[in-house]
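Only one structure is covered here, and it is reproduced in the block below.
Number of protein chains: 2
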Amino acid sequence: MRNCTGNKPHTILRVSVKHQYTRTFAIMDAIRQRIATRALVPGDRLPSIRQFARTLQASPSTVVQAYDRLAAEGVISPRQGSGFYVTGRALPPLSLADTTTPAARAVDPFWVSRQSLDSDPTVLKPGCGWLPTEWMPHEALRKALRAVARRDDTILSEYGGTRGALRLRRLLTAQFATEGLDISPDQVLLTGSGTQAVDLICRLLVRRGDTVLVDDPCYFNFQALLRAHEIRIVGVPYTTTGPDTEAFERIVLKEKPRLYITNSVLHNPTGATLSPQTAFRLLSIVATSGMQVVEDDIFTDFETVPSARLAVMDGLEHVIRVGSFSKTLSASVRCGYIAAPKELIDGLIDLQVATSFGGPGPITTEVIADVLEGGSYRKHMHEIMRRLEKSRKTVAHKLKTLEIVPWIVPKGGFYLWCRLPDGQDSTKIALSSLTDKIIHAPGNAFSVSQSASSFMRFNVTQCENEKIFHSLEQILAGRPQTNSL
Amino acid sequence: MRNCTGNKPHTILRVSVKHQYTRTFAIMDAIRQRIATRALVPGDRLPSIRQFARTLQASPSTVVQAYDRLAAEGVISPRQGSGFYVTGRALPPLSLADTTTPAARAVDPFWVSRQSLDSDPTVLKPGCGWLPTEWMPHEALRKALRAVARRDDTILSEYGGTRGALRLRRLLTAQFATEGLDISPDQVLLTGSGTQAVDLICRLLVRRGDTVLVDDPCYFNFQALLRAHEIRIVGVPYTTTGPDTEAFERIVLKEKPRLYITNSVLHNPTGATLSPQTAFRLLSIVATSGMQVVEDDIFTDFETVPSARLAVMDGLEHVIRVGSFSKTLSASVRCGYIAAPKELIDGLIDLQVATSFGGPGPITTEVIADVLEGGSYRKHMHEIMRRLEKSRKTVAHKLKTLEIVPWIVPKGGFYLWCRLPDGQDSTKIALSSLTDKIIHAPGNAFSVSQSASSFMRFNVTQCENEKIFHSLEQILAGRPQTNSL
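This is how it looks when you write it as structure tokens:
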């Protein structure tokens, strides 16, 4: 067994470092490097912490940290009383990136999510469904994390109750009250995400073979979710003021659906908002049909004055309201919610315990409640809405020069649902754009009837880079296609 | 409209406060109080921030914070340029507690979880499935939260990739490698929780009406989960070295199950550990049957020397390994994992996107990776194991004086699966104990065949309070029962 101290360990540290954190990683990288080049081989003992620290002119705690982390990775291993030894288990290099360039796969309801979530940072994502990182309230999030680090032990390590933190449920009911919906925090269940909220409702209320209505077009993940349930999906044609209520009534009578899932406010993908008249007609049909409505209110914070909401008008009798904080606060703190009649909440709790052992933990809900209660969130949202208004105009203008025209002018949010020039197919464009490392959201990813091939959803906040428009121009002009499928 | 400044606002602040945070809440409480007593009524304007701060001898920023938080709650509302006004929407008082005393409900697979998760802190929980709060590594968690507060914006607000953070997946594969299981981080998927890991696997592999095997007795939530899937559940008798392999073979031939779900290490509820011989026989049967095994390895960190594991022996061919960090690190940071053959991972990713829009966010996975990599986690687990050994002995001794006898002496963990004195029924005892605010885990909550009424699972770490043994003694001696059902 060689002792590697003979190998001039000070040559290990080539990187010039200042900060201890960086320094720790530099030491770790250097040791890994020496293992990779077999300058250190399995069974070799690393220098003692004290000795190594002296050689490197580093603090012993830095060396301790580096050794501990490498031990946690399994690269080296401590032996009682005799230091650390090389194990021979090398990790795959970190450059085995966590992200990939967009890969060709069929344009199905997963297309946009999988492409966007796993793309590397150089990929442009006009098709994705969230704000750019730099738009999010990071200072408030950092402050909240530091504050949570000072909270009670129970917050840091316990499961919390099965409904999720009362503090956050109270903030939600307070917000609902401003819209005219007065409910008790007992009628709110926190869930692992907004999507999981819809999933739990489907698990409780829908059986395989049942029929569920969605808008056509609708948020693509509703289709992905319902397919996972092996449910019949029927689309309701969508108009600029909400679903076509005549078609809705006809379909309800014919199909006897169990659920209708929709966004009322700033509908995804169209950006339209339900009118009070459509809301009233819709609820009248629902009331006599025995079905229920899931109103996904994920874009609620993008409105200054609340528009018509089914849950409010109906008072949560036939309508279940769901939402989350991913679009405006953070997608990294995973949390959604369900506001429902009391008699449903107990069943939903049991289901969430059975399938996830509860909803979001106390750390997550404290961070969210802290950000919501801190005064800066309101200012943050005002600023977001100001920027969005400007951004929608700019992008609509640029698209117009390519003869790509918004279906409506949305009164808020970040989506423009656009018609392409005659004869253009958005699926082909989306596939072709992958070559340029651009991810688009083609219309048919949103359409149950597959009738939206001439439409494309643009996220205006993700359209800052001119490359997106150059690429579109070329493709529309008939650039020879490299079909990536 | 009255202006409340006439009402001597300095009388609002009765509570003596020092810290700004506390002071903010004191101001908020005082304003709420005055609304409750109608000293302030809807439409009243609150004093200006500057004026109010002067009156209270508080800093203006404290008053701003109090107003902002009350505005977030909807209690007051800002009007452009003219201050804050009382809205008339009062919140339910915070004393509307988040927790409840244990309620009588049927002893079903939800009994233990619902009772334990929602009980107030004064309730004793020898039946629950986790360590007491004070056993958890809070300093490491606090340090990790502070560190995460300093990380890149992308960590704080983005979704992260669909597989979950590579950093944490690498740490997991490094740990698996120390047990002899060499897999790529691409074969690991991070999930919202350990339970959700099992749920996703069932969604991918099992169809309604299929048969799934579990141990009898087994972790009660496996039953709750499988019931949610409307799956046929068949129990395999459990021995002190794992499932009865002869019975297993007979059942497999007869029932053609799709899955078998088990814990190999420190089996819940018995505390037994699979022997290498049983593991080999089991895998031989599985290999020729076309079924798959889900090995829930949640207690892996409670072992110093790894015992036989199905996933390791099988090399992830027919076995899928799942686990989480709730038992040893924190139940508040929700995260589980699946290690599976590559061809299953893609389907699981799609399912998790469809039903939860991905797994744990980057904040959660960074906190966990930081704690695991920080040197203190190893020391923490050593200390836990030392305490557990002592605790198992003490509790076994105390139970013996009540003629409650452990089925086996487990080599680790915190469970003792105990036989009650002749003729005693654990369900009756559990119901009776609710009167004493004690939550027990009666045997039949774990038993598919309902054949464990004379057994009870004790969590030794939750048995510090002598009241538990006094209560048991009285009930066993035939205390007149107040049947709470």
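Read top to bottom, the protein sequences are chains E and D. For the first sequence, counting from 1, position 190 maps to 190 in the UniProt record's numbering; every step adds exactly one. For the second sequence, counting from 1, position 448 maps to 448 in the UniProt record's numbering; every step adds exactly one. In this text, a Cβ means the ideal position worked out from N, Cα and C, and glycines have one as well.
Among E:Cys463, E:Val214, E:Ile231, the one whose alpha carbon lies nearest that of E:Thr245
E:Val214
Would E:Val112 and E:Ala452 be called neighbours here (beta carbons separated by less than 7 Å)?
no
Report yes if the C-beta distance between D:Ile285 and D:Glu255 is below 7 Å; otherwise report no.
-> D:Glu255 is positioned such that its CB atom lies no closer than 7 Å to that of D:Ile285.
Where E:Cys299 meets chain D, residues with beta-carbon distance less than 7 Å:
Position check: residue 299 of chain E holds Phe in this sequence, whereas Cys was assumed. The contacting residues do not exist; E:Phe299 stays about 15 Å from chain D at best.
Taking contact to mean at least 3 C-beta pairs separated by less than 8 Å, is the stretch 179 to 188 of chain D in contact with the stretch 299 to 314 of chain D? At 8 Å Cβ cutoff, the stretches touch.
- Query: Under three-state DSSP, which class holds D:Met136?
  - Reply: coil
| Of all Cβ atoms in chain D, is any one closer than 7 Å to the Cβ of E:Phe357? | At a cut-off of 7 Å between beta carbons, E:Phe357 contacts chain D.
Just checking: is the beta-carbon of E:Gln196 within a distance shorter than 7 Å of some beta-carbon in chain D? yes
Let's see if you can read the secondary structure: which residues bound the beta strand (DSSP E) around D:Asn459?
455 to 459
Please check the pair E:Gly413 and E:Phe299, which I expect to be a contact at CB under 8 Å, by giving their CB distance rounded to whole angstroms.
At roughly 5 Å, the Cβ-Cβ gap stays under 8 Å, so E:Gly413 and E:Phe299 are in contact.
key: Contacts of E:Ser447 in chain D (Cβ-Cβ under 9 Å)   = Ordered by position in chain D, no residue passes the 9 Å Cβ test against E:Ser447, which lies about 17 Å from the chain.
- request: Work out the CA separation of D:Arg208 and D:Gln223 for me, nearest whole Å.
  value: 15 Å
Alpha carbon to alpha carbon, how far is D:Ile201 from D:His382? Give it in angstroms, no decimals.
-> 32 Å
Looking at the strands, I want to know which residues DSSP matches up with E:Val212. Answer is E:Ile233, E:Leu259.
Practice prompt. Indicate whether at least one CB of chain E lies closer than 7 Å to the CB of D:Glu383.
Written response: no
Query raised in the report: For residue 491 of chain E, which residues in chain D fall below 9 Å Cβ to Cβ?
Result: Absent from the structure is residue 491 of chain E, since the part of chain E shown begins at 1 and ends at 485.
Range covered by the alpha helix (DSSP H) that runs through D:Ser356: That run of the alpha helix (DSSP H) goes 342 to 356.
Go ahead and pull the three-state DSSP assignment for D:Asp425. Note: D:Asp425 maps to coil in three-state DSSP.
| message | Going by DSSP in three states, E:Ala197 sits in which element: helix, strand or coil? | response | E:Ala197 sits in a helix when the DSSP states are folded into three classes.
D:Gly323 versus chain E: which residues are under 7 Å apart at the beta carbon?
Within 7 Å Cβ-Cβ: nothing; D:Gly323 doesn't reach chain E, min ~13 Å.
query = If we cut at 7 Å on Cβ distances, does D:Tyr85 have a partner in chain E?
reply = no
*asked:* Are the CB atoms of E:Cys463 and E:Val395 within a distance shorter than 7 Å?
replied: yes
Margin query: Tell me which residue opens and which closes the alpha helix (DSSP H) that E:Leu316 is part of.
Written below: Note, E:Leu316: premise wrong, no alpha helix (DSSP H); not H, not E.
What does a CB cutoff of less than 8 Å around E:Ala53 pick up in its chain, not counting 5 residues either side in sequence?
Ser59, Pro60, Thr62, Val63
- Message: I'd like to check one pair, D:Gly358 with D:Thr154: are the Cβ atoms closer than 7 Å?
- Response: Cβ atoms of D:Thr154 and D:Gly358: not closer than 7 Å.
Requested in this report: Measure the C-alpha to C-alpha separation of D:Gly374 and E:Gln65 and round it to an integer number of angstroms.
Outcome: Roughly 7 Å separates the two Cα atoms.
Self-check item: chain D residues whose Cβ lies nearer than 9 Å to that of E:Gly160
Solution: Asp98, Leu117, Ala331, Ser332
With 16 as the cutoff for other CB atoms within 10 Å, does D:Lys125 come out buried or exposed? buried
Where D:Ala430 meets chain E, residues with beta-carbon distance less than 8 Å = Simply none; closest approach about 18 Å.
Subject >> Whole-angstrom distance between E:Leu402 and E:Glu473, CA atom to CA atom >> reply: 7 Å
Q | alpha helix (DSSP H) segment containing E:Glu366, residue limits | A | Annotation: the continuous alpha helix (DSSP H) that includes E:Glu366 extends over 362 to 373.
### Query
If you measure from the beta carbon of E:Thr154 to each beta carbon in chain D, is any gap under 7 Å?
It does: the Cβ of E:Thr154 has a partner Cβ on chain D nearer than 7 Å.
| request: Determine the contact status of E:Thr270 and E:Trp417, defining contact as a CB-CB distance below 7 Å. | output: yes
Flag E:Ile49 as yes if its beta-carbon sits less than 7 Å from any beta-carbon of chain D, otherwise no. no
Q) Any C-beta of chain D sitting closer than 7 Å to the C-beta of E:Gly164? A) no
Q.
With distance defined between alpha-carbon atoms, name the residue in D:Ser454, D:Asp436, D:Asn459 nearest to D:Arg479.
A. When the alpha-carbon of D:Arg479 is set against those of D:Ser454, D:Asp436, D:Asn459, the nearest one is in D:Asp436.
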